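Peer 1:
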Amino acid sequence: MSAQETQPLTVIPVARMQTAPQSAGNPCLRCGACCAHFRVSFYWAEADPSRGGTVPADLAEDLTPVLGCMKGTNQAHPRCAALIGEIGRGVRCAIYEGRPSPCREFGVEWTGEGLRFTPEDLARCTQARAAWGLPPLFDQPHPLPQLEGVTPPLKQAS
Ligand code: SF4
Ligand code: SF4
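Residue 6 is where the sequence shown starts when you use the numbering used here, and the numbers rise one by one after that.
#1: Quick check: the Cα distance between R121 and G112, rounded to an integer number of angstroms?
#2: Buried or exposed: which applies to V60, given that a residue is buried once 16 or more other Cβ atoms fall within 10 Å of its Cβ?
#3: By DSSP, does L68 sit in helix, in strand, or in coil?
#4: Apart from the five residues on each side of it in sequence, which residues of its chain come closer than 6 Å, Cβ to Cβ, to S106?
#5: Mind the definition here: the region 34-44 touches the region 71-87 only if three or more C-beta pairs lie below 8 Å; say whether that holds.
#6: When DSSP labels each residue in this structure, what does F143 get in the three-state scheme?
#7: Please write down, chain order preserved, every residue whose beta carbon lies under 7 Å from a heavy atom of ligand 1.
#8: Over what stretch of residues does the beta strand (DSSP E) that includes C98 continue unbroken?
#9: For the candidate residues R35, L68, E118, C40, whose alpha-carbon lies nearest to that of R109?
#10: Helix, strand or coil, according to DSSP, for W115 in the structure here?
#11: Give the DSSP bridge partners of C46, in chain order.
#12: Can you name the residues that DSSP bridges to E91?
#13: Within 10 Å of its beta-carbon, does F143 have 16 or more other beta-carbons around it, so buried, or fewer, so exposed?
#14: Kindly examine ligand 3 and report whether one of its heavy atoms sits closer than 7 Å to the Cβ of P54.
#15: Between L127 and A38, is the Cβ-Cβ spacing less than 8 Å?
#16: What separation, rounded to the nearest whole angstrom, lies between the Cα atoms of L34 and G103?
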C-alpha cells in the first residue's frame, strides 16, 4: 500500500506497535485483512492493457459500465483473487507492481522504521483487522475518525 501525499500523515514507530516484537517488519505482510474486507473498485481501463492498464483482466470483473473491481471483492465475504496466503499470518499480493489505484493510494504504508498513515485509512485498516479478529496495529493516541462521510476508493463490500 502507498500513502496519498495530499492527506495528513502520521508516523508510528515500530516500538509503539501493538504487535511488537513481531512488528519488526512490515505488518501488512502478516495481515492482508484489507484485501479481504473491502470492495476494490477502479476505473475499468485499469484492467485494459490497450489503455495502459496494469491489472490482469482475468483478475478483474465488471462492476458498473465505467467501474471494474478486483475479482472476489464484490461479495458478502470478500477476498481479492490476487491475495496469496493466510490472513493474519503471511500474505502477499500476486500483482503488487500492477495493483490497481485504490491499493496504491491506500494510506497505510510501511516506511522501514514505522508505519505512516492517514487517519482515515488507519481507521479502515483497524476496521478490516477487527473483522478478521486482529487487534489494531498500535494503541491509538487519539480517537480515529468515523468512516461515515468518508468516500474511500476502497468501499466496504455488501
Ligand atoms: S489491514 Fe492494515 S495492516 Fe492489514 S494489510 Fe491492510 S493496511 Fe496492512
Ligand atoms: S490487488 Fe493486491 S493489494 Fe489490492 S486488494 Fe488485491 S491483493 Fe490486496
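Backbone N, C-alpha and C fix where the C-beta goes; we use that ideal spot for every residue, glycine too.
Predicted model, so just to flag it, every value in this text is computed and none were measured.
Peer 2: Once the coordinates are examined:
#1: 8 Å
#2: buried
#3: In the structure shown, L68 sits in coil (DSSP, three-state: anything other than H, G, I, E or B).
#4: F47
#5: yes
#6: strand
#7: M6, P32, C33, C36, G37, A38, C39, C40, F111, V113, C130, A133, R134, L142
#8: 95-98
#9: Nearest C-alpha to R109 among R35, L68, E118, C40: C40.
#10: It is a strand residue.
#11: As written in the sequence, residue 46 is Ser, which differs from the Cys given in the question. Per DSSP, C74.
#12: By DSSP's assignment, E91 forms a beta bridge with G95.
#13: Buried, because 16 or more other Cβ atoms sit within 10 Å of the Cβ of F143.
#14: As presented, the structure is devoid of ligand 3, carrying ligand 1 and ligand 2 as its sole ligands.
#15: no
#16: In this structure, the CA atom of L34 is about 17 Å from the CA atom of G103.
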